[in-house]
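Q: Let me begin by handing over the structure; questions about it come next.
Residue numbers (this note's numbering): 1 to 564.
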């Protein structure tokens, strides 16, 4: 028997798609075929997962059922299943010979079908904003040497000096630039929860990741207004993003809290401790984050509490979550949280920040635990050798399990513009043009060539409105990701460069247009900002007499083997 798609394969789809399964017998025989699957039964599956965590009930796979497959010709059976629910599902077709109750199965494992929210099929450009930076630090750093000396004197006397912060309303004032001129569709906020001001505080402001209360926003991010609470002002920001046709994601660092957080005070038993009773601080890359305390998800009460936290923010209008250090949280915890959230808010997007974790853990969280997207490692992959090693591993993972978001820059690495404007332009374009479903991102300030590294304990300058910028270039990239079929669903990427040199050539093919309808895109990148280089590619992969530069509109004559 021949089964299409291939048994054991992983299929990435979106709600609203039709999923076709075909079973072809070796020869026509009387009988019937069915597609045995749990597609269409997401509620049953979620309910079993929730009850397993909350009540200890066994997961009995009651979501499995048979869908009849009509015969479309002798010995060939086919069914098209509408994908109406978000989640990860399984299925496989089988044949029952006439009069036999025993199914005959094709060789191989079950199909795996991951269905994403319909609105995430394309144009998923992410703009990461650190609200603090949108106040006095919007254009330049207000902290002068003289001010620094005064702060240091007060620090030595034990005073706490915290400068004014940017606010939600400050960020709203810049949305026309972010979502209008730059064309970003997703605004992602670094954590907005209250942070330490005295006890356990690090840095001038305190770390945004040292949350004291997961159910509140930091009042420092709001204007004092007798008619609007800080939370109501946060909802103003959500409404402003939604009114522009966008989505708002928030960073929820669920792996840890700050010292003396609400949970730390009332539920110290929900935290990891060493045998001597010392609380454990998390860390990565050999660095311990001493202003954080790590939660212990072995306690089911903590899992239930955190699910309610996610649900609370969904009820406020949040569309998705950056899952900070998500690989440090057990997969079964994420499975439960996602099930709880999707019971009420099925289109919620979960973006895994798995930097520093194993690839196997990322893949498991994107499949078994039902998270949607993950951070890619492209931002810290620089030369051709590193890219030739990374891309053949990252591309199949993104095409099977959901996009790996290519952030050109994050708050964890140095600013691109610190190495030069040409380098910043090249890395932003590289991240966008190699994205899956248009899923790439920048951190606020990249568009203005901000050179001061983002400091989550402070508020570095954004260089906003600088006359030298890459606003037009980023807007063009986003327009391309929104409109060209080669940046939408069903696209396949493969490196096709030939020869030597610090260059890259990647072909983007649209599955439905493999016959050559003109929708293929060849991405050519010069990784050397100081010198020009010629890039060669596989002529069989991309050929023709003329090619158009989709970023400039310029036409180029092509000659086999000549390169560009």
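Ideal Cβ placement from N, Cα and C applies to all residues, glycine included.
Being a predicted model, the structure only gives us computed values, none of them experimental.
1) For residue 296 versus residue 272, is the C-beta distance shorter than 9 angstroms?
2) Helix, strand or coil: which one does DSSP assign to residue 323?
3) Which residues does DSSP list as the beta-bridge partners of residue 441?
4) Looking at the unbroken alpha helix (DSSP H) that takes in residue 243, where does it start and where does it end?
5) Under a Cβ-count criterion, where at least 16 other Cβ atoms within 10 Å of its own Cβ denotes burial, should residue 173 be classed as buried or exposed?
6) Have a look at residue 6 and residue 13 and give me their C-alpha separation to the nearest angstrom.
7) Just to confirm, are residue 167 and residue 134 a CB contact at a threshold of 9 angstroms?
8) In terms of DSSP beta bridges, what is residue 390 paired with?
9) Taking only the alpha-carbon atoms, compute the straight-line gap between residue 451 and residue 416 and give it to the nearest angstrom.
10) Return the CA-CA distance between residue 199 and residue 260, expressed in angstroms with no decimal places.
11) Relative to the C-alpha of residue 455, which residue among 130, 423, 312 and 560 is closest?
12) Would you list the one or two residues that DSSP bridges to residue 18?
13) How is residue 113 classed by DSSP in three states: helix, strand or coil?
14) On the CB-based measure, 16 or more other CB atoms within 10 Å of its CB, does residue 515 come out buried or exposed?
15) If distances are taken between C-alpha atoms only, which option among 489, 527, 549 and 186 comes closest to residue 242?
16) Go to residue 474, then tell me how far its alpha helix (DSSP H) extends in each direction, as first and last residue.
17) Mind checking residue 308: buried by the 16 CB within 10 Å criterion, or exposed?
18) Any idea what DSSP makes of residue 503, helix, strand or coil?
19) DSSP has residue 537 in a bridge; who is on the other side?
20) Note down the Cα distance separating residue 141 from residue 459, rounded to an integer number of angstroms.
21) So who's on the other strand from residue 165, going by DSSP bridges?
22) Under the DSSP definition of a beta bridge, which residues are partnered with residue 247?
23) Quick one: any contact between the segment 89 to 109 and the segment 49 to 57, if contact means 3 or more CB pairs under 8 angstroms?
24) According to DSSP, what are the bridge partners of residue 66?
25) Name the residue from 193, 240, 284 and 437 whose alpha carbon lies nearest to the alpha carbon of residue 230.
26) Roughly how many whole angstroms lie between the Cα atoms of residue 472 and residue 428?
27) Cα-Cα, which of 239, 209 and 288 is closest to residue 251?
28) I need the boundaries of the alpha helix (DSSP H) containing residue 266, first residue and last residue.
29) Going by beta-carbon coordinates alone, are residue 327 and residue 270 separated by less than 9 angstroms?
30) Figure out for me which residue from 464, 467 and 563 has the closest Cα to the Cα of residue 500.
31) Do the segment 84 to 104 and the segment 14 to 22 touch if we need at least three Cβ pairs shorter than 8 angstroms?
32) Report yes if the CB atom of residue 470 is closer than 9 angstroms to the CB atom of residue 122, and no otherwise.
33) Where are the alpha helix (DSSP H) runs, 4 residues long or more, that stay fully inside the segment 298 to 377, in chain order?
34) Using a 10 Å radius around the Cβ and a threshold of 16 neighbouring Cβ atoms, would you call residue 447 buried or exposed?
35) DSSP three-state label for residue 256, please.
36) Restricting to Cα atoms, I'd like to know which of 176, 287, 233 and 201 is closest to residue 246.
A: In short:
1) For the purposes of this step, residue 296 is identified with residue 296 of the chain shown, where counting begins at 1. For the purposes of this step, residue 272 is identified with residue 272 of the chain shown, where counting begins at 1. Yes, Cβ-Cβ distance for residue 296 and residue 272 is below 9 angstroms.
2) For this step, residue 323 is matched to residue 323 along the chain shown. Note: residue 323 maps to strand in three-state DSSP.
3) Locating residue 441 in the chain shown gives position 441, counting from the first residue. According to DSSP, which records beta bridges pairwise, residue 441 is partnered with 126 and 407.
4) Taking the first residue of the chain shown as position 1, residue 243 is located at position 243. Its alpha helix (DSSP H) spans residues 230 to 243.
5) For the purposes of this step, residue 173 is taken as residue 173 along the chain shown, with counting starting at 1. Result: exposed.
6) Here residue 6 refers to the residue found at position 6 when the chain shown is read from its first residue. Here residue 13 refers to the residue found at position 13 when the chain shown is read from its first residue. Take the alpha-carbon of residue 6 and the one of residue 13: they are about 15 angstroms apart.
7) One-based indexing of the chain shown puts residue 167 at position 167. One-based indexing of the chain shown puts residue 134 at position 134. In contact: residue 167 and residue 134 (Cβ atoms closer than 9 angstroms).
8) Here residue 390 is taken as the residue at index 390 of the chain shown, counted from 1. Here residue 390 is not bridged, per DSSP, to any residue.
9) Position 451 of the chain shown, counted from the first residue, corresponds to residue 451. Position 416 of the chain shown, counted from the first residue, corresponds to residue 416. Rounded to the nearest angstrom, the two C-alpha atoms are 7 angstroms apart.
10) The sequence position of residue 199 within the chain shown is 199, counting from 1. The sequence position of residue 260 within the chain shown is 260, counting from 1. Looking at the backbone, the Cα of residue 199 and that of residue 260 are separated by about 7 angstroms.
11) Taking the chain shown and counting its residues from 1, the one referred to as residue 455 is at position 455. For the residues 130, 423, 312 and 560, the minimum Cα distance to residue 455 belongs to 130.
12) By one-based count along the chain shown, residue 18 stands at place 18. Bridge pairing for residue 18: 82 [DSSP].
13) Locating residue 113 in the chain shown gives position 113, counting from the first residue. Annotated three-state conformation of residue 113 is strand, per DSSP.
14) Taking the first residue of the chain shown as 1, we reach residue 515 at position 515. Only weak support is given to the placement of residue 515: the predicted model assigns it a pLDDT of 44, under 50, and the value that follows is read from those uncertain coordinates. Residue 515 comes out exposed.
15) For the purposes of this step, residue 242 is taken as the residue at position 242 of the chain shown. Closest in alpha carbon position to residue 242, among 489, 527, 549 and 186, is 186.
16) The residue given as residue 474 occupies position 474 in the chain shown. Start and end: 471 to 483.
17) Counted from its first residue, the chain shown places residue 308 at position 308. It is exposed - the Cβ of residue 308 has fewer than 16 other Cβ atoms within 10 Å.
18) The residue given as residue 503 occupies position 503 in the chain shown. Note: residue 503 maps to strand in three-state DSSP.
19) Mapped onto the chain shown, residue 537 falls at position 537. Paired residues: 497.
20) For the purposes of this step, residue 141 is taken as the residue at position 141 of the chain shown. For the purposes of this step, residue 459 is taken as the residue at position 459 of the chain shown. Each residue's Cα considered, the two are about 8 angstroms apart.
21) Indexing the chain shown from 1 puts residue 165 at position 165. Bridge partners of residue 165: none, in fact.
22) By 1-based counting over the chain shown, the position of residue 247 is 247. Residue 247 pairs with 186.
23) No: the two stretches stay apart, fewer than three of their Cβ pairs being nearer than 8 angstroms.
24) To locate residue 66, count along the chain shown from 1; it is residue 66. Answer is 36.
25) As a first step, residue 230 is located in the chain shown; it is residue number 230 there, counting from the start. Measuring from the Cα of residue 230, the nearest candidate turns out to be 193.
26) In the chain shown, the residue the question calls residue 472 occupies position 472. In the chain shown, the residue the question calls residue 428 occupies position 428. The alpha-carbon atoms of residue 472 and residue 428 are separated by roughly 12 angstroms.
27) Residue mapping note: residue 251 aligns to position 251 of the chain shown, counting from 1. With distances taken between Cα atoms, residue 251 lies closest to 209.
28) Taking the first residue of the chain shown as position 1, residue 266 is located at position 266. Per DSSP, residue 266 belongs to the alpha helix (DSSP H) from 262 to 266.
29) Counting from 1 along the chain shown, the entry for residue 327 is found at position 327. Counting from 1 along the chain shown, the entry for residue 270 is found at position 270. No; because the gap between Cβ atoms is not below 9 angstroms, this pair is not in contact.
30) Translated into the one-based positions of the chain shown, residue 500 becomes position 500. Measuring from the Cα of residue 500, the nearest candidate turns out to be 563.
31) As far as the Cβ criterion goes, the segment 84 to 104 touches the segment 14 to 22, which means the pair count is three or higher.
32) Position 470 of the chain shown, counted from the start, is the residue given in the question as residue 470. Position 122 of the chain shown, counted from the start, is the residue given in the question as residue 122. No. Outside cutoff.
33) 300 to 315, 331 to 344 and 359 to 367, all fully within the segment 298 to 377.
34) In the chain shown, residue 447 corresponds to position 447, counting from 1. It counts as buried.
35) As a first step, residue 256 is located in the chain shown; it is residue number 256 there, counting from the start. Residue 256 falls in the strand class under three-state DSSP.
36) Mapped onto the chain shown, residue 246 falls at position 246. Cα-wise, what sits closest to residue 246 is 176.
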